[in-house]
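Here is the structure we will look at.
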Amino acid sequence: MQGERLQKIQTNDGSFTLKSEKYNECYHSSEGAVRESLYKHIYPSFSVIKKKEINILDICFGLGYNTFLSVLNRPKGVKLNLFSPEMDESLVRNLKKFPYPEEFEKIRHIIKKVSKNFYYEDEWIKIELFIGDAREYIKKLKNIDIVYQDAFSPKVNKELWTMEYFTQIKKILNKNGIITTYSVATPVRCALYKLGFKLYTHNTDKIRKGTIASFADLPFKKVDFEEKLRRVDCYYYKDERV
Ligand SMILES: C[S@@+](CC[C@H](N)C(=O)[O-])C[C@H]1O[C@@H](n2cnc3c(N)ncnc32)[C@H](O)[C@@H]1O
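Going by numbering that gives the first Met the number 0, the first residue of the sequence shown is number 0, and it counts up by one from there.
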């Protein structure tokens, strides 16, 4: 996707995102890049994962909102290790020029380092980017506590929503780990359900509801997927590459 022309768009919370020509989709919903990242991914995850050191898989890096806002909202005294694949190298290299919200100025030095070296580390934060296919990268990971599942939609970015993909995610996710996503698509929920995940949705009305998946009992609204399966067939996406 290198060299692709990306159109800059302002979302409803004032933050900017991009529209991809290749996928014909925006990197964030019109609700707001910051709002979506915080309410769909970061707040629910940090509300239930209580550890001194947290490993986060950010699928995929894109403009880095999920990674950078995790850093800005890091719980006090907690070390964050963030792992994020991204196939579009030129996008990452150009992020130092992206018009992020003003609050990102505090971590300008981190944005510059990540954009140049695909890596950043200090006492409290480690960020590792992998330039390439997320499906290869996730084979190398382990002990993940949180997965921000934020690829383009299953319709256009199917390889990151398949049974094979989520089977690998299950292997690397800790027992009480959590997956957060904006997707409510039945084939996505079906794959997670078949893999034994409990399905929840977001408690807040500040954003459109997505899906939260975990093996743990969590304080979120339960999705009654058995009831859904009485009305529709359980089918999921398959990776055509394998
Ligand atoms: C919706 S955007 C991610 C938005 C991002 N979370 C953010 O906060 O800006 C999806 C990203 O996934 C990347 N992508 C799509 N398929 C991929 C794959 N198989 N491996 C790695 N990156 C992929 C795209 O290049 C794009 O940057």
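We put the beta carbon where it would ideally sit given N, CA and C, even for glycine.
Cβ-heavy atom distance between residue i and ligand 1 below 8 angstroms?
i	result
Tyr26	yes
Cys59	yes
Asp87	yes
Ala150	yes
Asp34	One point to set straight first is that residue 34 is Arg, not Asp, in the sequence displayed. Not so, every heavy atom of ligand 1 lies at least 8 angstroms from the Cβ.
Arg240	no
Asn295	In the structure as shown, the chain begins at 0 and stops at 241. Residue 295 is therefore absent and cannot be evaluated.
Leu62	yes
Tyr99	no
Glu225	no
Thr16	yes
Gly131	yes
Verify whether the separation of the beta carbon atoms of residue i and residue j is less than 9 angstroms.
i	j	result
Val146	Ile178	yes
Asn54	Asn142	yes
Glu35	Leu71	no
Tyr264	Val187	The structure shown does not extend to residue 264, since the chain spans only 0 to 241, so no value can be given for it.
Ala212	Leu228	no
Asp204	Asn175	no
Pro43	His201	yes
Phe129	Ser83	yes
Lys115	Arg92	yes
Asp149	Thr180	yes
Lys18	Gln9	no
Val155	Asn65	no
Lys138	Gln167	yes
Lys208	Val183	yes
Arg105	Val77	This sequence places Lys at residue 105; Arg is not what is there. Not a contact, by the Cβ cut-off of 9 angstroms.
Ile171	Ser28	no
Ile109	Tyr119	yes
Have a look at the DSSP bridge pairing and note the partners of residue i.
i	result
Phe15	Gln9
Ile48	Ile48 is not bridged to any residue.
Thr161	Tyr236
Asn54	Asn80
Glu24	Ser19
Q) Which ranges does the beta strand (DSSP E) cover as unbroken runs of at least 3 residues, wholly within the segment 79–157, from first to last along the chain? A) 118–120, 124–130 and 143–148
Q.
My parser needs the beta strand (DSSP E) runs of 3 or more residues fully inside the segment 167–240; what are they?
A. 172–180, 197–200 and 210–213
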